[in-house]
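Asks:
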Amino acid sequence: MNIGDYTSLFITLILVAITIGSTYIYWKSSIHKNHKFVIYLRILMAVSVLITAYAIYLQINYHKDESHNDEISFFTNLMKNFLDDNIKIFIKYPHMNYYYAELMGFRYNQRYKRDYMVENQISNIIFSRLASVAYYLETSSNYSSKEDLAELQSRFDAVIGTFLKSKIFRDNWKIYKEKLSGPPIRRYMENNFGI
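No gaps in the numbering here: position 106 of the sequence shown is 106 in this note's numbering, and each next residue is one more.
1. Find out if the Cβ-Cβ distance for the pair F127, Y176 is shorter than 7 Å.
2. Taking the C-alpha atoms as reference points, what is the distance between L137 and Y108?
3. Between the alpha carbons of T76 and A101, how many angstroms are there, rounded?
4. Where does N34 land, buried or exposed, given buried means 16+ other C-beta within 10 angstroms?
5. Between which two residues does the alpha helix (DSSP H) harbouring P184 extend?
6. What is the rounded straight-line gap between the Cα of Y54 and the Cα of R187?
7. Look at S166 and L103 and say whether their C-beta atoms are less than 7 Å apart.
8. If distances are taken between C-alpha atoms only, which option among T12, W27 and F169 comes closest to V49?
9. For the alpha helix (DSSP H) that contains Q59, what are its first and last residues?
10. Determine the DSSP secondary structure at G161, reduced to helix, strand or coil.
11. Could you tell me whether the region 72–90 touches the region 149–160, where touching means 3 or more Cβ pairs closer than 8 Å?
12. Kindly indicate the opening and closing residues of the alpha helix (DSSP H) around D171.
This is the structure we're talking about:
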């Protein structure tokens with residue numbers, strides 16, 4: 001926990017203490033009949049307004065920081081899940097290691113027989129997951145820190161760029177683009193990769 005978590009509580013307690021103290025002084029003395037007391041109340045009100053304004057300012061900044069951290073965390077988790085889930089597919093289908101090697105830019109020196117149907121299914125799963133990331137990038141325009149998210153997006157773009165070096169992946173993109181893709185993923189692929 002940081003100090004920002006307790007700032008609002010602290011300021012509220014100060015205001016309550018000042019209010020209780022002022023009320024006690026008012027009831028126990030005849031100070032309210034004095035002209036200086038009216039000035040004292042005005043100063044007290046001005047100070048409490050300033051403290052309230054400062055508390056609101058701190059709360060807004062704290063909310064901005066939290067919002068920023070939540071956006072970064074959400075996108076990081078989205079990207080991590082995208083990669084982890086895609087790797088799990090290839091763990092489940094080890095006979096598709098040739099496709100995995102091609103996606104990741106590795107050389108696959110073993111002989112293999114291509115399984116076009118499973119290639120297409122795996123590619124469609126990847127494109128479907130990519131569509132959710134593309135939709136998030138397109139609709140979440142209230143980024144707190146464009147620099148941090150731009151860096152994360154550039155890392156994600158690098159992964160997709162690596163995938164696009166695969167002929168199998170590009171061929172399946174053409175099929176997916178014509179039949180199943182939605183506007184967000186088409187715009188993402190067009191804007192970032194020109195395809």
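Beta carbons: idealized from backbone N, C-alpha and C, even for Gly.
Replies: In this structure, then:
1. yes
2. The straight-line gap from Cα to Cα measures roughly 34 Å.
3. 24 Å
4. exposed
5. P183 to F193
6. 44 Å
7. yes
8. Distances from the alpha-carbon of V49 to those of T12, W27 and F169 put T12 closest.
9. For Q59, the uninterrupted alpha helix (DSSP H) segment begins and ends at H35 to K92.
10. The answer is helix: DSSP assigns G161 an H, G or I state.
11. Output reads yes: the region 149–160 touches the region 72–90.
12. Start and end: K167 to K179.
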